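Count along the sequence shown from 1, then add 1068; that gives the number in the numbering used here.
Glycine included, each C-beta is placed from N, C-alpha and C at the ideal position.
Since this is a predicted model, take the numbers as computed values, not measurements.
Contents: one structure, followed by commentary.
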Amino acid sequence: MCKVLASIQEIAKGVLKGDRRSIAKAITIIENETSEAEELVSLIFPHTGKAHIIGVTGPPGSGKSTLIEKLIREYRKRGRTVGVIAVDPTSPYTGGAFLGDRIRMQELSTDQGVFIRSMATRNYTGGIAKATSGAVKVLDAASSNVIIVETVGAGQSEVEIMKIGQTILVLSAPGLGDEIQAIKAGIMEIGDLFVVNKGDRENADKTITDLRAMLQLNDKNRTWAPPIVKTTALTGQGISELVEKIEEHRLFLGKQLERERSRDKAEAELVEAIKERVATSIIEQLKKRGRFEEFLQEILEKKIHPSCAAEKLLSEELR
């Protein structure tokens, strides 16, 4: 059983009450992967599962942040509380996110029904910050009705967002070179809604036509036909329609389908947790015996490739 510190218990209580300072502290603890992070998540976990989690991905320049700002305003008009996690590239110098939520959405930060937090990707190769799932749980436990997760739109982040989001929005925009360059290699399968933003630009309708053709080619008897919504986030055009389509998808998911998705997400989290603990345990044992440092030195001297070293170390440990 995890030993829970009194301070962590107080933070968890604050989160459940919707206290903004407690929410901020909780996310910081999770983001920094401190020893208390797991205890904190275990305390709030029973109070999660009520929020609608929306993933937003797309290439740089597609207008993700502006679109999200307008989505927040639309949901607030409808009386919903909103949490936002913006996953930003890590600064190689400070370890922090390049873009702060106070800069991008300053007006919204004073709304007590909105909580916005930027998180750095750090060294996580998937593109989605490792702690993002934990941060989403904090906002969920704090009674956010809608949680929006914005990805960096690079590498595997588009696919990784499926592990967190229930409704996935894939953005594109005319004028990005290949207008649908982000819609490739598995991205078609993860999108529940496709958004052609900057719809007032030339070739916006052509982008929609091309996207519709690609969706037809990738139709694998899906029970949900992903709609394409044209928006101009700067002016707010199409935002209300987009929220309606998001709501349609939320209702479509229903209890049975959502249970299946929840099971998949729970399984993915369990597998990752097991991997992390097994890896940590093995590395600790190898370090105690000095074998880790021996192979590390050989790698530095270019005598062995890291993957070969890992294979040999694991074969020794698992014998």
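Assuming contact is defined by CB atoms lying nearer than 8 Å, are Leu1239 and Ile1314 in contact in what I supplied? Reading the sequence shown from its first residue, position 171 is the one you call residue 1239. Reading the sequence shown from its first residue, position 246 is the one you call residue 1314. No, Cβ-Cβ distance for Leu1239 and Ile1314 is not below 8 Å.
| Cross-strand partners of Arg1185 (DSSP beta bridge) | Walking along the sequence shown from the start, residue 1185 turns up at place 117. According to DSSP, which records beta bridges pairwise, Arg1185 is partnered with Ile1153.
* With a cut-off of 8 Å on the beta carbons, I'd call Ile1388 and Val1206 a contact; round off their distance for me. => The first residue shown for the chain is 1069 and the last is 1387, placing residue 1388 beyond what the model contains.
- prompt: Between the stretch 1123 to 1135 and the stretch 1176 to 1189, do three or more beta carbon pairs fall short of 8 Å?
  reply: Contact fails: fewer than three Cβ-Cβ distances are below 8 Å.
**OP:** For the alpha helix (DSSP H) containing Ile1091, list its first residue and its last residue.
**Re:** Walking along the sequence shown from the start, residue 1091 turns up at place 23. Taken as a continuous stretch (DSSP letters only), the alpha helix (DSSP H) holding Ile1091 covers Arg1088 to Glu1099.
*Ordered along the chain, which non-local residues of its own chain (more than five positions away) have a Cβ less than 6 Å from that of Gly1151?*
Locating residue 1151 in the sequence shown gives position 83, where the first residue counts as 1. Phe1183, Leu1207, Ser1212 and Ile1215, listed in sequence order.
How many Å lie between Ile1136 and Glu1107 at the Cα?
The residue labelled residue 1136 in the question sits at position 68 within the sequence shown. The residue labelled residue 1107 in the question sits at position 39 within the sequence shown. Cα to Cα, Ile1136 sits roughly 31 Å from Glu1107.
Cα-Cα separation, Lys1370 to Thr1348: As a first step, residue 1370 is located in the sequence shown; it is residue number 302 there, counting from the start. As a first step, residue 1348 is located in the sequence shown; it is residue number 280 there, counting from the start. Answer to the nearest angstrom: the Cα atoms are 25 Å apart.
Assigned exposure category for Gly1131 - 16 Cβ within 10 Å defines buried = Against the sequence shown, residue 1131 aligns to sequence position 63. Classified as buried, Gly1131 has 16 or more neighbouring CB atoms from the shown chains inside 10 Å of its CB.
- Task: Provide the residue span of the beta strand (DSSP E) that contains Gln1240, from first to last.
- Result: Translated into positions along the sequence shown, residue 1240 becomes position 172. The sequence shown places Ser at residue 1240, rather than the Gln named in the question. Here the beta strand (DSSP E) through Ser1240 covers Thr1235 to Ser1240.
- Task: Look at the Cβ atom of Ile1095, then the Cβ atom of Arg1185, and state whether they are nearer than 8 Å.
- Result: Position 27 of the sequence shown, counted from the start, is the residue given in the question as residue 1095. Position 117 of the sequence shown, counted from the start, is the residue given in the question as residue 1185. Contact flag set, yes.
### Query
Apart from the five residues on each side of it in sequence, which residues of its chain come closer than 7 Å, Cβ to Cβ, to Pro1242?
Looking up residue 1242 in the sequence shown gives position 174. Taking Pro1242 as the centre and dropping the five residues before and after it, the same chain places the C-beta of Lys1266, Arg1269, Glu1270, Asn1271, Ala1272 and Thr1275 closer than 7 Å to its C-beta, in chain order.
| message | Strictly by DSSP, which residues pair up with Leu1338? | response | Residue numbering aside, residue 1338 sits at position 270 when the sequence shown is read from its first letter. Residue pairing from DSSP leaves Leu1338 without any beta-bridge partner.
**Item:** Nearest candidate by alpha-carbon position, reference Thr1291, set His1115, Asp1332, Gly1322 and Leu1111
**Value:** Counting from one through the sequence shown, the residue named residue 1291 turns up at place 223. Of the candidates His1115, Asp1332, Gly1322 and Leu1111, the one whose C-alpha sits nearest the C-alpha of Thr1291 is Gly1322.
Q. How long is the line joining the alpha carbons of Glu1379 and Thr1219, rounded to whole angstroms?
A. Against the sequence shown, residue 1379 aligns to sequence position 311. Against the sequence shown, residue 1219 aligns to sequence position 151. Cα to Cα, Glu1379 sits roughly 33 Å from Thr1219.
Could you give the distance in angstroms between the alpha-carbon of Thr1200 and the alpha-carbon of Glu1312? The residue labelled residue 1200 in the question sits at position 132 within the sequence shown. The residue labelled residue 1312 in the question sits at position 244 within the sequence shown. Thr1200 and Glu1312 have their C-alpha atoms roughly 26 Å apart.
- Query: So, are the CB atoms of Ile1097 and Ala1105 less than 8 Å apart?
  - Reply: Your numbering for residue 1097 matches position 29 in the sequence shown. Your numbering for residue 1105 matches position 37 in the sequence shown. The answer is yes: Cβ separation under 8 Å.
Provide the residue(s) that pair with Thr1412 in DSSP beta bridges, ordered along the chain.
A query on residue 1412 cannot be resolved here, the shown segment of the chain reaching from 1069 to 1387 and no further.
Counterpart residues of Lys1298 in DSSP-defined beta bridges:
Walking along the sequence shown from the start, residue 1298 turns up at place 230. In DSSP, Lys1298 forms a bridge with Val1264.
Checklist entry - Mapping DSSP to helix, strand and coil, what is Gln1305? => result Taking the sequence shown and counting its residues from 1, one reaches residue 1305 at position 237. In the three-state scheme derived from DSSP, where H, G and I count as helix and E and B as strand, Gln1305 is classed as strand.
Excluding the five sequence neighbours on either side, which residues of its own chain have a C-beta within less than 8 Å of the C-beta of Val1297, listed in chain order?
One-based indexing of the sequence shown puts residue 1297 at position 229. Taking C-beta separations shorter than 8 Å and ignoring five residues to either side along the sequence, the partners of Val1297 in its chain run Leu1261, Phe1262, Val1263, Val1264, Gly1306, Glu1309, Leu1310 and Lys1313, following chain order.
### Task
Let me know the secondary structure DSSP gives Glu1344 once reduced to three states.
Numbered from 1 along the sequence shown, position 276 holds the residue referred to as residue 1344. If DSSP states are grouped into helix, strand and coil, Glu1344 belongs with the helices.
- Query: Assuming Thr1102 and Leu1302 make a contact with CB atoms under 8 Å, what is their CB distance in whole Å?
  - Reply: Numbered from its first residue, the sequence shown carries residue 1102 at position 34. Numbered from its first residue, the sequence shown carries residue 1302 at position 234. About 40 Å separates the two Cβ atoms, so there is no contact after all.
| query | Helix or strand or just coil, what does DSSP make of His1373? | reply | Start at 1 with the first residue of the sequence shown, and residue 1373 comes out as number 305. Here His1373 sits in coil by DSSP.
Exercise. Return the CA-CA distance between Ser1110 and Ala1209, expressed in angstroms with no decimal places.
Key: Here residue 1110 refers to the residue found at position 42 when the sequence shown is read from its first residue. Here residue 1209 refers to the residue found at position 141 when the sequence shown is read from its first residue. Ser1110 and Ala1209 have their alpha carbons spaced roughly 11 Å apart.
| said: Just list the residues that DSSP pairs Glu1218 with in beta bridges. | reply: Taking the sequence shown and counting its residues from 1, one reaches residue 1218 at position 150. Residue pairing by DSSP puts Glu1218 in a beta bridge opposite Val1124 and Ala1154.
Assigned secondary structure, Arg1146 (DSSP; H/G/I helix, E/B strand, else coil): Position 78 of the sequence shown, counted from the first residue, corresponds to residue 1146. DSSP places Arg1146 in coil when its eight states are reduced to three.
Could you tell me the alpha carbon to alpha carbon distance between Thr1300 and Lys1356, rounded to whole angstroms?
Here residue 1300 is taken as the residue at index 232 of the sequence shown, counted from 1. Here residue 1356 is taken as the residue at index 288 of the sequence shown, counted from 1. Their Cα atoms are separated by approximately 58 Å.
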